[in-house]
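Below is one structure, written out as structure tokens; comments come after it.
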Amino acid sequence: FLWQEGHTAHATAEEAEEETVKMLNVYRTFAEDYMAMPVICGRKTESEKFAGAVRTYCIEAMTQDRKAIQAGTSHNLGQNFAKAFDVTYQTADGKREYVYATSWGVSTRLIGALVMAHSDDQGLVLPPRLAPTQVVIVPIWKNLDERPKVLEYVARVRKAILEARTCSGVLGDLSIELYVDDREQYTPGWKFNEWELKGVPLRLEAGPKDLEKNSVVAVRRDTGKKEFIPLADLPTAIPQRLEDVQKGLFERALAFRKANTFALDTYDEFQKVIVDGDGGFVSAHWCSDAECEKGIQDETKATIRCIPLDAQPESGQCIRCGKPSERRVVMAKGY
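Plus 37 on top of the position in the sequence shown (first one is 1) and you've got this note's numbering.
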């Protein structure tokens, strides 16, 4: 079980709140820029916040089965835990004051979220910024006479790609990690399936015909699209294709979330989507009453995932009880 957690202590409530929001944005950046997974930044309800916290912020992602997964949390603990554990600091005038604390973390569920956001029936689909191997080269030969020439050509292909390590783009300062799969005991088809299963973003195929054309066949894992890339273009083309995969995965996941997010105003509509339908995110009014929140969960198994930080004030009626509401919240079934 993997876990990342941080704690900070501050002299003022304002500093603690600033740190809490800053770490939420660190997690948002990692989820969106590295995992290619769009998230909603929000605040948990009083019922859902971390016990003892003043406020709990979260990032919520949608998986391909249209459920929500809490991908990270950041808590403003105020002075509650400082008072419980007698954590103080000395002020400039020599007095002792309780600290204002924060706590924030992500866990193994990020790996699950990554798998469920992008992968398919063929296996993993990994964004280039997180993939341990970004490019795999599969040499193809029909007989032993072709093998030396093909492997010599593959060495040239590999060298051309490694020249791209200094190129800017989706990988930033990261090196392009590539692997030449020259194992003799497996057929090219076997290798194709294996690397698709492992989610390598880009596969290059090089055989006698490619040698003659001085090019390679490139296959994107996310789309399955094939193209011919000249050997001379590889130093610039490979970083660009990886960037295309990274952006494409994010855009596809974002489009999926938008297509499965519904602004609803009646409880019947809500139940048709959440209980009788395929699920998704529902943007709906809620009266801020904890009992009503519990009723929604008991009746539909959906929870209020968060109050979006970018939610604009909007007068309405609670989707369940009809009482006045000031803004919409995000509801969904989740993990």
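Beta carbons: idealized from backbone N, C-alpha and C, even for Gly.
Asked                                                                                                                                                                                     : Found
Short of 8 angstroms in beta carbon distance, which residues of its chain neighbour T125, apart from the five on each side in sequence? Order them along the chain.                       : A119, R133, E134, Y135 and V136
Please classify S352 as buried or exposed, where buried requires at least 16 other C-beta atoms within 10 Å of its C-beta.                                                                : exposed
Consult DSSP for W227 and reduce its assignment to one of helix, strand or coil.                                                                                                          : helix
Going by the beta-carbon positions, is the gap between Y64 and R80 smaller than 8 angstroms?                                                                                              : no
For Q101, tell me which candidate among A296, K309 and V187 has the shortest Cα-Cα distance.                                                                                              : A296
How would you call T139, buried or exposed, if buried means at least 16 neighbouring beta carbons within 10 angstroms?                                                                    : buried
Let me confirm a value: P238 is counted as buried when at least 16 other C-beta atoms fall within 10 Å, else exposed. Which label applies?                                                : buried
Might you give, ordered along the chain, the residues of its own chain that have their beta carbon closer than 6 angstroms to the beta carbon of K86, omitting 5 neighbours on each side? : T93
Just reading off the alpha helix (DSSP H) that P350 is part of, what are its end residues?                                                                                                : Premise fails: P350 is in no alpha helix (DSSP H) and is neither H nor E.
Drop a sphere of 10 angstroms on the beta-carbon of P276, count the other beta-carbons inside from all chains shown, and report buried for 16 or more, exposed for fewer.                 : buried
When the Cα atoms are used, what is the spatial distance from C204 to I198?                                                                                                               : Only weak support exists for where C204 lies, its pLDDT of 49 falling under 50; the value from the coordinates is given anyway. C-alpha separation (whole angstroms): 10 angstroms.
Could you tell me whether the segment 301 to 312 touches the segment 354 to 369, where touching means 3 or more Cβ pairs closer than 8 angstroms?                                         : yes
Between V175 and R103, is the Cβ-Cβ spacing less than 8 angstroms?                                                                                                                        : no
How long is the line joining the alpha carbons of D281 and A50, rounded to whole angstroms?                                                                                               : 43 angstroms
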